[in-house]
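K.L.:
Here it is, the structure in full.
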Amino acid sequence: MKRVAITAAIALLGAGAAAAATVAPPKGAVSITLPGDAGMAFKPGPGVGVAQASCLTCHSSAYVSTQPVLSRAQWTAEVVKMRTAYGAPITDDQVTPIVDYLTAQYGKP
Ligand code: HEC
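The numbering used here puts the first residue of the sequence shown at 5, with every later residue one more than the last.
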């Protein structure tokens, strides 16, 4: 999954930085740039905490931010799908705050 790849990339970067402290980078070393929004953070707003804790454990925020502008019903369906199809550990009482957040920041209320 993407998260594994990112973790591996960070581990490699860490190893590279540690090595750079003692020796010059090897010839042909590749520098990578992560796309700006492939990150692990959502836009600020009410409910961002629960949304980040619930939605960014499996994939990056880009899965949300690159969607078209979705309605409340569509965001609700996404959250339900993440729970039922992919087993996201989201409790019943977290659904409404998450849907409120997604609709306000990435949707059309
Ligand atoms: C248990 C892991 C997991 C969690 C937690 C999770 N997702 Fe996903 N999500 C997935 C998987 C798996 C896919 C499909 C991945 C693929 O196709 O590359 C996906 C895909 C998506 C997509 C792309 C459209 C689609 O339906 O495939 C969106 C949007 C999305 N997730 C939003 C969310 C939101 C919002 C949350 C928090 C409420 C969330 N995800 C939490 C696993 C998860």
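Each residue gets a CB set at the ideal place from its N, CA and C atoms; glycine is no exception.
On a predicted model such as this, the values are computed, not experimentally measured, just so you know.
Please report the distance separating the alpha-carbon of residue 44 from that of residue 113.
P.N.:
Taking the sequence shown and counting its residues from 1, one reaches residue 44 at position 40. Taking the sequence shown and counting its residues from 1, one reaches residue 113 at position 109. Distance between the alpha carbons of residue 44 and residue 113: 24 Å.
K.L.:
Specify the secondary structure class of residue 75 as computed by DSSP and reduced to three states.
P.N.:
Locating residue 75 in the sequence shown gives position 71, counting from the first residue. Strand, per DSSP.
K.L.:
I'd like to know whether the C-beta atoms of residue 110 and residue 55 end up nearer to each other than 7 Å.
P.N.:
Looking up residue 110 in the sequence shown gives position 106. Looking up residue 55 in the sequence shown gives position 51. No, the pair does not count as a contact, with Cβ atoms beyond the cut-off.
K.L.:
According to the Cβ coordinates, are residue 103 and residue 79 closer than 7 Å?
P.N.:
Within the sequence shown, numbered from 1, the residue matching residue 103 stands at position 99. Within the sequence shown, numbered from 1, the residue matching residue 79 stands at position 75. Contact: yes.
K.L.:
Quick one: what's got a C-beta closer than 6 Å to residue 46's C-beta in the same chain, skipping five residues either side?
P.N.:
Position 42 of the sequence shown, counted from the start, is the residue given in the question as residue 46. Counting only Cβ-Cβ distances below 6 Å, and skipping sequence neighbours, we find 52, 55, 56 and 65.
K.L.:
Since residue 67 is in the alpha helix (DSSP H), which residue starts that stretch and which ends it?
P.N.:
As a working mapping, residue 67 is identified with position 63 in the sequence shown. Segment 66-69, the alpha helix (DSSP H) holding residue 67.
K.L.:
Hey, out of 73, 98, 71 and 72, whose CA is closest to residue 84's CA?
P.N.:
Taking the first residue of the sequence shown as position 1, residue 84 is located at position 80. Looking at the Cα atoms, 98 is the closest of the given residues.
K.L.:
Taking the alpha-carbon positions, what's the residue 50 to residue 58 distance?
P.N.:
Within the sequence shown, numbered from 1, the residue matching residue 50 stands at position 46. Within the sequence shown, numbered from 1, the residue matching residue 58 stands at position 54. One C-alpha to the other measures close to 14 Å.
K.L.:
Under the three-state reduction of DSSP, which class applies to residue 32: helix, strand or coil?
P.N.:
Position 28 of the sequence shown, counted from the first residue, corresponds to residue 32. DSSP places residue 32 in coil when its eight states are reduced to three.
K.L.:
Out of 107, 34 and 96, which has the shortest C-alpha to C-alpha gap to residue 75?
P.N.:
Position 71 of the sequence shown, counting from 1, holds the residue named residue 75. For residue 75, the nearest C-alpha among the options comes from 107.
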